[in-house]
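Just so you know, the sequence shown maps onto residues 16 to 146 in this note's numbering.
Everything below concerns the one structure shown next.
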Amino acid sequence: MQNWEQYLLGKLAEESSEVSKEAIKEQQFGMSGEWKGKPAAHYLQQELIDQLAILRMINTLPGVKASLGTELFDPLIPTIPWVVEAMERKVDKVCFYALHSRKEGRLLLNDVELEFVNKRAHRWEVYLAMQ
Numbered sequence: 016m017q018n019w020e021q022y023l024l025g026k027l028a029e030e031s032s033e034v035s036k037e038a039i040k041e042q043q044f045g046m047s048g049e050w051k052g053k054p055a056a057h058y059l060q061q062e063l064i065d066q067l068a069i070l071r072m073i074n075t076l077p078g079v080k081a082s083l084g085t086e087l088f089d090p091l092i093p094t095i096p097w098v099v100e101a102m103e104r105k106v107d108k109v110c111f112y113a114l115h116s117r118k119e120g121r122l123l124l125n126d127v128e129l130e131f132v133n134k135r136a137h138r139w140e141v142y143l144a145m146q
């Protein structure tokens with residue numbers, strides 16, 4: 016069973032591999048084309064936003080600031096409203112699936128983490144209901 020920190024580090028690895036995959040696609044096919052009706056660069060942008068959302072979550076872990084004396088990447092946090100909104104949705108989605116991992120006995124959360132995850136998972140459920 017993994018803890019919240021391990022879960023988030025796994026999500027960071029997952030998002031990092033998705034950024035790599037999209038970067039390789041851009042290298043092969045170019046950034047100026049279209050794919051599924053959207054600019055090809057859109058997909059790389061979305062994966063980078065997802066990666067930043069996970070980094071933002073990792074910033075909240077107690078050990079990060081304690082060991083570094085600062086946040087992991089705070090100067091890089093975007094402030095563009097639509098990017099912030101996309102990052103918030105990613106956090107909600109990660110928490111939604113974290114509850115599933117917990118239910119399956121794969122994730123151990125303390126009371127504070129569970130409260131955060133429940134709150135954000137609920138926001139994802141509301142978002143999905145509105146789609």
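The C-beta atom is built at its ideal place from N, Cα and C for all residues, glycine as well.
Computed from a predicted model, the values in this text were never measured in an experiment.
- Counting only residues of its own chain and dropping the five nearest sequence neighbours on each side, Tyr22 has a CB closer than 8 Å to the CB of Ala113, Ser116, Leu122.
- For Pro93, there is no enclosing alpha helix (DSSP H), as DSSP gives it neither H nor E.
- The beta-carbon distance between Met72 and Val109, rounded to whole angstroms, is 7 Å. This is short enough to meet the 8 Å contact definition.
- Taken through DSSP and simplified to helix, strand or coil, Asn133 comes out as helix.
- Taking each of Asp107, Gln42, Tyr142, Leu143 in turn and checking the Cα distance to Glu130, the smallest one comes out for Asp107.
- Here DSSP, grouped into helix, strand and coil, assigns Asn18 to strand.
- Between Leu67 and Met102, the C-beta gap is smaller than 8 Å, which places the two residues in contact.
- With contacts defined as CB atoms closer than 8 Å, Leu76 and Glu20 qualify as a contacting pair.
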